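Notes follow once the structure below has been shown.
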Ligand SMILES: Cc1cc2nc3c(=O)[nH]c(=O)nc-3n(C[C@H](O)[C@H](O)[C@H](O)COP(=O)(O)OP(=O)(O)OC[C@H]3O[C@@H](n4cnc5c(N)ncnc54)[C@H](O)[C@@H]3O)c2cc1C
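Residue numbers (the numbering used here): 11 to 291.
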C-alpha cells in the first residue's frame, strides 16, 4: 500500500517510544548501531563475568537466570547483530579479563560464562536448522516430536486468566504481565509460564505459542514454537526412555512454586508486577 515515498517517510520518523512504565527495567532501541552499542556496553561493564545462561535454572544469588541474560535476543532476531559477532566479542573479553565460572561456583565442568553464552547461541542455531527439517509439524498439535497420549483443553476463561496474569500463582502472573507490558521475558520465566499452561492448565500449547508470538519482541517461529514444542515433551526427553516414563507421570509441575523461591526469594521482581501482594506479611 505504501509507495517509495511512503516508505521513506515512515523511516524518516523517529520510532514511537513505548509508553512510560516504571516497571520496565530495560528498553530496546532498534537497529544495528543500537545493537552494537548494547553489546559493547555489556562487555565493558563486565557483565559477561556473571552471565548465567538460560538453562542454569537453579543458580542462586544476585546474578541468576531471571536477571542475567544479555537481552540481545530482539537484535539477534531482527539480524541487527550476528551470533558470530557476539561470540567473537565474548572471546575477546575473556582473553583480556580472564574466564569466570558459568555457575558462579569455581571452574566446574559447565565451563566459562563465555562458553555458556556460546552454547545458548548454538542452541538457537540448532532450533533454526531443526525447524527446516520439522516443517509444518512444528505447528501441529502433537508437535515435531509427535507426542501422543495428551488431551488438550481449549477453555477460554482459563486461557484469558493466563494471558492477563490472573492465575493466582504470583511468579506466573508476574511473568505474563511483564510479557504483555514489555514484549520480553527471561528464559526461565518463559519456561515457567509455558509449563503452567501446558502441564497445569492443560490447554492446547499452540494457544500459548500464538500468544507469545503476538507479544514477543524477539519472536522467531523456530525459537518460539521450537521451545514450546519442548514443553510438551515428557521427561526425560530421550526417545529411548519414553516407554519407560509415561507422559502422565511427568505432566505436572512444581517449577512455578520452586523457581521463585530460588530466583526471587525477596519477591522484588514478583512484587513489581503483582503489586496487590505488597501488603502480605
Ligand atoms: C516458550 C519459549 C519461547 C521462546 N521464544 C523465543 C523467541 O521467539 N525468540 C528468541 O530469540 N528466543 C526465544 N526463547 C528462548 C529464550 O527464552 C530467549 O532467547 C532469551 O530469554 C532471550 O534473552 P537474552 O537475549 O537475555 O538471552 P541470553 O541468555 O543472553 O542468550 C543469548 C542468545 O542466545 C539465544 N538463545 C538463548 N536461549 C535460547 C533458546 N532456548 N532458544 C533459542 N535461542 C536461544 C537468543 O538469541 C539469546 O539472545 C523462548 C523460550 C521459551 C521457553
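Glycine residues also receive a C-beta, built at the ideal position from the N, C-alpha and C atoms. Treat the numbers as computed from the prediction; the structure is a model and nothing was measured.
To which residues of the same chain is residue i closer than 6 Å at the C-beta, ignoring the five residues directly before and after it?
i: residue 266; result: 179, 181, 182, 202, 206
i: residue 289; result: none
i: residue 109; result: 122
i: residue 199; result: 185
i: residue 147; result: 154
Would the C-beta of residue i count as close to ligand 1, meaning under 6 Å from any of its heavy atoms?
i: residue 238; result: yes
i: residue 50; result: no
i: residue 58; result: no
i: residue 133; result: yes
i: residue 80; result: yes
i: residue 197; result: yes
i: residue 45; result: no
i: residue 188; result: no
i: residue 228; result: yes
i: residue 83; result: yes
i: residue 141; result: no
i: residue 233; result: yes
i: residue 209; result: no
i: residue 243; result: no
i: residue 204; result: yes
i: residue 282; result: no
i: residue 99; result: no
i: residue 213; result: no
i: residue 130; result: yes
i: residue 87; result: yes
i: residue 137; result: yes
Is it true that the CB of residue j sits closer than 7 Å to the CB of residue i?
i: residue 101; j: residue 78; result: no
i: residue 85; j: residue 76; result: no
i: residue 184; j: residue 283; result: yes
i: residue 123; j: residue 59; result: yes
i: residue 93; j: residue 131; result: yes
i: residue 111; j: residue 126; result: no
Thinking residue i and residue j are a contact (beta carbons under 8 Å), I'd like their distance in whole angstroms, please.
i: residue 193; j: residue 186; result: In fact, because the Cβ distance is near 13 Å, the residues do not count as touching under 8 Å.
i: residue 238; j: residue 219; result: 4 Å
i: residue 153; j: residue 242; result: 6 Å
i: residue 134; j: residue 233; result: 6 Å
i: residue 137; j: residue 41; result: That pair is no contact at about 25 Å.
i: residue 190; j: residue 225; result: 6 Å
i: residue 96; j: residue 82; result: 6 Å
i: residue 151; j: residue 214; result: 7 Å
i: residue 173; j: residue 221; result: 6 Å
i: residue 216; j: residue 139; result: That pair is no contact at about 22 Å.
i: residue 141; j: residue 231; result: 7 Å
Excluding five sequence neighbours on each side, which residues of the same chain lie with their C-beta closer than 7 Å to the C-beta of residue i?
i: residue 310; result: Any answer about residue 310 is impossible in this case: the structure gives the chain only from 11 up to 291.
i: residue 18; result: none
i: residue 32; result: none
i: residue 99; result: 49, 53
i: residue 118; result: Because residue 118 sits at a pLDDT of 47, beneath the cut-off of 50, its placement in the model cannot be relied upon, and the following sentence gives the value as read from the coordinates. Hits under 7 Å: 111.
i: residue 251; result: Because residue 251 sits at a pLDDT of 47, beneath the cut-off of 50, its placement in the model cannot be relied upon, and the following sentence gives the value as read from the coordinates. None.
Mind checking whether the beta-carbon of residue i lies closer than 6 Å to any heavy atom of ligand 3?
i: residue 200; result: In terms of ligand content, the structure shown lacks ligand 3 and carries ligand 1 instead.
Go through its chain and collect everything with a Cβ distance to residue i's Cβ below 8 Å, but skip five positions before and after it.
i: residue 287; result: 180, 277, 280, 281
i: residue 143; result: none
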